[in-house]
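Chemist:
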Amino acid sequence: MKPPILIMIMTTIMSGTMIGLTSSHWLMIWIGFEMNMLAIIPILMKNFSPRATEASTKYFLVQATASMLLMLGIIINLMSSGQWTILKLPNPMASNLLTIALAMKLGMSPFHFWVPEVTQGTPLPSGMILLTWQKIAPLSILYQIAPSINPNLLTIMAIASLLVGGWGGLNQTQLRKIMAYSSIAHMGWITIIMMYNPTLMLLNLTIYITMTLGTFMLFIYNSSTTTLSLSHTWNKLPLMTSLILILMLSLGGLPPLSGFVPKWLIIQELTKNDMIILPTFMAITALLNLYFYMRLSYTTALTLFPSTNNMKMKWQFESTKKMILLPPLIIISTMLLPMTPMMSILD
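Going letter by letter, the sequence shown gives residues -8 to 338 in this note's numbering.
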């Protein structure tokens, strides 16, 4: 893709999200979503192949259905309240329709089937945009309509997402599918806290985006799409393998790392609201995710390749990719735990 075209498309994607973020009028929010959806399809089809075409078509169909449901909810809300403003949602049917439409856009269970397929069918940079930037606009709308959302509906979808994200990733060897199931599980964690503490949802989203960006950038740097190709990196880039190990454990939510912070604060917040069974269940499902991250880090960093590289001549070329943002992303993704007291004060 030529640079001017790429710049134009990326600008449209960003401006679509920004229109959705900053609008208080339902029609402008819907227009923002449409701009964003239509502009990301060429990004998904950047490497032109039947697989990429199939992934883009699936993405388009799901997002178009979600946009249709969103518009239906908006019209029902307009008919019952007579207002286009986002803060007025007196009609429970409109609220439920809007929640379902936004859950479809986020890829939450039971509308999750497109996420692994679309992520697997696109190149790594496109998958990175799909699992990070594309989550911002729907979550910002959910954040704004949080007081009028049906808590039972959102909790059921969040628990289903946690289960699907945990079980789905167990059997995978493709890195993009593992990251897609990880995204589904993280969406469960992010949305379950929405009604109790929306600020905590923003913190969780920020940490999720930094961890996912860091992981994808390491995969792009190594040109790795499977666990097998990732297991070859120790022979040439030992530092990269240890960084992948740390980031994987952070994504799984192990205590000394940043990924533990949102899980800790969410479980604390739910227990403050006199819930015991729900956070216990969430902690157990987090173990499923931790298992497949541990398996990935084991194959990458803790197993030795059959033959050591004693050759004078390098059997792999040096990577020429520039990853300027990688060091700060890795630091944020691993070393935020000491700042938890400050974050809990902000909440």
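Just so it is clear, CB atoms sit at the ideal spot from N, CA and C, and this is done for glycine as well.
With contact counted as at least three CB pairs below 8 Å, one residue from each stretch, are the stretch 61 to 70 and the stretch 15 to 27 in contact?
Modeler: With a cut-off of 8 Å, the stretch 15 to 27 and the stretch 61 to 70 count as touching, because enough Cβ pairs lie within range.
Chemist: Tell me, to the nearest whole angstrom, how far the beta carbon of V53 is from that of S100; I am working on the premise that it is less than 8 Å.
Modeler: Not quite, the Cβ-Cβ distance comes to about 14 Å (not below 8 Å), so this is no contact.
Chemist: What would DSSP say about Q125, mapped onto helix, strand or coil?
Modeler: Three-state result, Q125: helix.
Chemist: So, for S288: in the same chain, excluding its five sequence neighbours on each side, which residues have a beta-carbon less than 8 Å away from its beta-carbon?
Modeler: If we look at S288 and ignore the five residues flanking it on each side, its Cβ neighbours are I235, L236, M239, L240.
Chemist: Check whether the Cβ atoms of G205 and L317 lie closer than 8 Å to each other.
Modeler: Closer than 8 Å, so yes.
Chemist: When you compare the CB positions of N280 and G160, do they come within less than 8 Å of one another, or not?
Modeler: Cβ atoms of N280 and G160: closer than 8 Å.
Chemist: Would you please state the rounded distance, in angstroms, between the beta carbons of M208 and M314? I believe it to be under 8 Å.
Modeler: Between M314 and M208 the Cβ distance is about 5 Å, and since that is below 8 Å, they are a contact.
Chemist: Figure out for me which residue from T201, L256, M185, K37 has the closest Cα to the Cα of Q135.
Modeler: When each option's Cα is compared against that of Q135, the closest is M185.
Chemist: Kindly indicate which residue of I169, T182, N141 has the alpha-carbon position closest to the one of L130.
Modeler: Nearest of I169, T182, N141 to L130, Cα basis: T182.
Chemist: Nearest-angstrom Cα distance between F104 and A128?
Modeler: Rounded to whole angstroms, F104 to A128 spans 20 Å at the Cα level.
Chemist: In the DSSP assignment, what residue or residues form a beta bridge with Q165?
Modeler: T217, per the DSSP bridge assignment.
Chemist: Roughly how many angstroms separate the alpha carbons of A30 and T291, rounded to a whole number?
Modeler: So the two alpha carbons sit approximately 35 Å from each other.
Chemist: Taking Cβ to Cβ, would you say M178 is nearer than 8 Å to G250?
Modeler: Contact: no.
Chemist: List, from N- to C-terminal side, the beta strand (DSSP E) runs of 3 residues or more that fit wholly inside the stretch 64 to 117.
Modeler: If we require 3 residues or more, the stretch 64 to 117 turns out to have no beta strand (DSSP E) run fully inside it.
Chemist: Would you mind reading off the limits of the alpha helix (DSSP H) that contains T232?
Modeler: Residues 229 to 243.
Chemist: Does the separation of the CB atoms of N82 and L144 fall below 8 Å?
Modeler: It is not a contact, given that the beta carbons lie outside the stated cut-off.
Chemist: Pull the bridge partners of H16 from the DSSP assignment, please.
Modeler: Partner(s): T76.
Chemist: When you compare each of M231, S174, S47 to I211 by their alpha carbons, which one comes out closest?
Modeler: The shortest Cα separation from I211 among M231, S174, S47 belongs to M231.
Chemist: Just checking, does the stretch 185 to 195 make contact with the stretch 248 to 263 on the three C-beta pairs under 8 Å criterion?
Modeler: Result yes; three or more Cβ-Cβ pairs closer than 8 Å.
Chemist: Could you tell me the alpha carbon to alpha carbon distance between M(-8) and K312, rounded to whole angstroms?
Modeler: Distance between the alpha carbons of M(-8) and K312 is about 17 Å.
Chemist: K126: buried (16+ other C-beta within 10 angstroms of its C-beta) or exposed?
Modeler: Looking at its Cβ environment, which holds 16 or more other Cβ atoms inside 10 Å, K126 is buried.
Chemist: Should M273 be labelled buried (16 or more other beta-carbon atoms within 10 Å of its own) or exposed?
Modeler: M273 comes out buried.
Chemist: Return the CA-CA distance between Q163 and W75, expressed in angstroms with no decimal places.
Modeler: So the alpha carbons of these two residues sit roughly 44 Å apart.
Chemist: Should K168 go down as buried or exposed, given a rule of 16 or more other Cβ atoms within 10 Å for buried?
Modeler: So K168 counts as buried.
Chemist: If we ignore side chains and look at the alpha-carbon of each, how far apart do F39 and P116 end up?
Modeler: For F39 and P116, the distance between alpha carbons rounds to 14 Å.
Chemist: Measuring alpha carbon to alpha carbon, tell me which residue in A149, L121, L133 is nearest L89.
Modeler: Nearest C-alpha to L89: L133.
Chemist: Can you grab the Cα-Cα spacing for the pair S220 / L166, in whole Å?
Modeler: Approximately 10 Å between the Cα atoms of the pair.
Chemist: Can you tell me which of the three DSSP states S58 falls into?
Modeler: Helix.
Chemist: Contact defined as beta carbons within less than 8 Å: I believe P114 pairs with K37. What is the distance between those atoms, to the nearest angstrom?
Modeler: Between K37 and P114 the Cβ distance is about 6 Å, and since that is below 8 Å, they are a contact.
Chemist: Can you check which of these residues, T224, N226, Y284, is closest to L245 by C-alpha distance?
Modeler: Nearest C-alpha to L245: Y284.
Chemist: Taking the beta carbon of P107 as the centre, do at least 16 other beta carbons fall within 10 Å, making it buried, or is it exposed?
Modeler: Result: buried.
Chemist: Does DSSP put L328 in a helix, a strand or coil?
Modeler: Three-state result, L328: helix.
Chemist: Return the CA-CA distance between A46 and S71, expressed in angstroms with no decimal places.
Modeler: Distance between the alpha carbons of A46 and S71 is about 38 Å.
Chemist: Is H177 helix, strand or coil when you go by DSSP?
Modeler: Three-state result, H177: helix.
Chemist: Look up P247 in the DSSP assignment and say whether it is helix, strand or coil.
Modeler: Reduced to three states, the DSSP call for P247 is coil.
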